[in-house]
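First residue of the sequence shown: 31, per our numbering; consecutive thereafter. For each residue, glycine too, the CB sits at the ideal point set by N, CA and C. Take a look at the structure below.
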Amino acid sequence: MKKTLVALSVLMAATSAQAIELYNQDGVTVNMTGDVEVRYKKDIGKDQNTKQEIDDADFGFDTRYAVNDDLQVGAFLEFSGDNSDRANDKTSVGNVYVGFYHGSYGDLKIGKLDTQLDDAGIGNDYLFGVNSFFNNANFGGEEAIRYDLDTGSFYMGLGLIQDKHEAQAIGKDGHYVDVKVGYRVADFDFTAFYGDAELKGKVLSDQVTLNQDETLVALEARYAGFENLNIELGYYTVDTKEKGGDKIEADTIAIALDYTWNKWNFAGGYSDTDYSDNYMIGSVSGTTVTYAKAEDHGQWFLNAGYGIAPNTTVYVEIGDNDKANSDLGYGIGVKATF
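Below you can see the structure in the form of structure tokens.
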């Protein structure tokens, strides 16, 4: 049975907020953005404890200089006060990049940033979300380039990552590229993502060195034709092949809905994930790596959020899956963005 390493990711719906304008004069703008989220959470699984988590504690500065009426150049710098859902006295640098922004030809960013597949995902969830296919590939890095073009109806993007610093699973001899293409028509929004990675870095606390290829595909459709109701569908697949080994595959289908009523938002979602018979999941304890067969499963979530102030939401969420020896997860929290 061929072994591979998997770390399932939670898909989070993006939340936008109005940035705080700090400076705007003579073609120079400086905006500040940030988000903070504190929650109490009992994770899905057996014998889990309820923990307080600092899920987000970030702020950033976006500075831009107008070259002419169409072109701006600038830089973005982000700081993060949370690490592994904790505020443990270790502030880290988030995204850091220079950017070129053109009104007709799109935006180009170079630096430490997230690429196109980081935008993939459906569901207006806070804690548990829709489990997806994401494997060892990272959708962002310290040595990344991202290009985006949005004409209103049609939009597309390209991302590239190298890892010469050997900071992630890609490795100095690996590569990563992803592409996004989308189209909006009437009340529909269709998006397709494709990613290709050659992974030669280290994972599982540097205990295992990868030598594998991954191909990732995501197809999403959104419909907003009903008043206050959004419907989202997603299909996700990843093919992984170790050098000289057999191919393994994971497929996920998902549906999510959310409904807004006054200051309330109610959301739910369900996903079903199937693995090929030779799919193994790796885990590490100390210096020992063990493997277990991946378990096909369905997962769901339900939540309610209330906007107590602009860009500030109090929420409660429950979620579960049908894996063996798995108990209901739940949590409450507060999220603020600016």
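Q: Using 10 angstroms around the beta-carbon of Leu157, count the other beta-carbons present and answer buried if the total reaches 16, otherwise exposed.
A: Numbered from 1 along the sequence shown, position 127 holds the residue referred to as residue 157. Per the 10 Å Cβ criterion, buried.
**Q.** Three-state secondary structure assigned by DSSP to Leu147
**A.** Counting from 1 along the sequence shown, the entry for residue 147 is found at position 117. Here Leu147 sits in helix by DSSP.
**Q.** Chain-order list of residues whose beta-carbon lies under 6 Å from that of Leu246 (same chain, five-residue window excluded)
**A.** Counting from 1 along the sequence shown, the entry for residue 246 is found at position 216. Excluding positions up to five away in sequence, the list reads Gly225, Val268.
**Q.** Closest residue to Val457 among Ala339, Glu262, Asp352 (Cα-Cα distance)
**A.** Look at the range of the chain in this structure, 31 to 368, and you will see that residue 457 is not part of it.
Q) Quick one: what does DSSP say Gly361 is sitting in, helix, strand or coil? A) As a working mapping, residue 361 is identified with position 331 in the sequence shown. Strand at Gly361.
Q) What residue range is occupied by the uninterrupted beta strand (DSSP E) comprising Gln102? A) Stepping through the sequence shown from its first residue, residue 102 is reached at position 72. 101-110 is the extent of the beta strand (DSSP E) around Gln102.
Q.
If I measure Cβ to Cβ from Lys139 and keep anything under 6 Å in the same chain, skipping five residues before and after, which residues do I get?
A. Indexing the sequence shown from 1 puts residue 139 at position 109. Closer than 6 Å at Cβ, skipping near neighbours: Tyr127, Gly129, Arg176.
Q. So which of Phe106, Val346, Gly328, Tyr95 has the shortest CA-CA distance to Gly335?
A. Within the sequence shown, numbered from 1, the residue matching residue 335 stands at position 305. Selected option, being the one with the closest Cα: Val346.
Q) Taking the alpha-carbon positions, what's the Val36 to Met310 distance? A) One-based indexing of the sequence shown puts residue 36 at position 6. One-based indexing of the sequence shown puts residue 310 at position 280. Because the pLDDT at Val36 is just 30, under 50, the model does not fix this residue reliably, and the point stays unresolved.
Q: State buried or exposed for Phe218, treating a residue as buried only when at least 16 other CB atoms are found within 10 Å of its CB.
A: Position 188 of the sequence shown holds residue 218. Phe218 is exposed by the Cβ-count criterion.
Q. Straight-line CA distance for Thr303 to Asn98?
A. Stepping through the sequence shown from its first residue, residue 303 is reached at position 273. Stepping through the sequence shown from its first residue, residue 98 is reached at position 68. Each residue's alpha carbon lies about 49 Å from the other.
Q) Using a Cβ-Cβ cut-off of 6 Å (strictly less than) and excluding sequence neighbours within five positions of Lys353, which residues of its own chain qualify? A) Numbered from 1 along the sequence shown, position 323 holds the residue referred to as residue 353. Taken in chain order, the residues that qualify are Glu325, His327.
Q) Which runs of the beta strand (DSSP E) spanning at least 3 residues fall entirely within the segment 43-95, listed in chain order? A) 50-55, 58-72
**Q.** DSSP state of Asn292 mapped onto helix, strand, coil
**A.** Numbered from 1 along the sequence shown, position 262 holds the residue referred to as residue 292. Note: Asn292 maps to coil in three-state DSSP.
Q. Phe256 lies in the beta strand (DSSP E); which residues open and close that run?
A. As a position in the sequence shown, residue 256 is number 226, starting the count at 1. First-last of the beta strand (DSSP E) with Phe256: 242-256.
Q: Would you mind giving the Cβ-Cβ distance between Ala286 and Gly298, rounded to the nearest angstrom? I have them listed as a contact below 8 Å.
A: Walking along the sequence shown from the start, residue 286 turns up at place 256. Walking along the sequence shown from the start, residue 298 turns up at place 268. That pair is a contact at about 7 Å.
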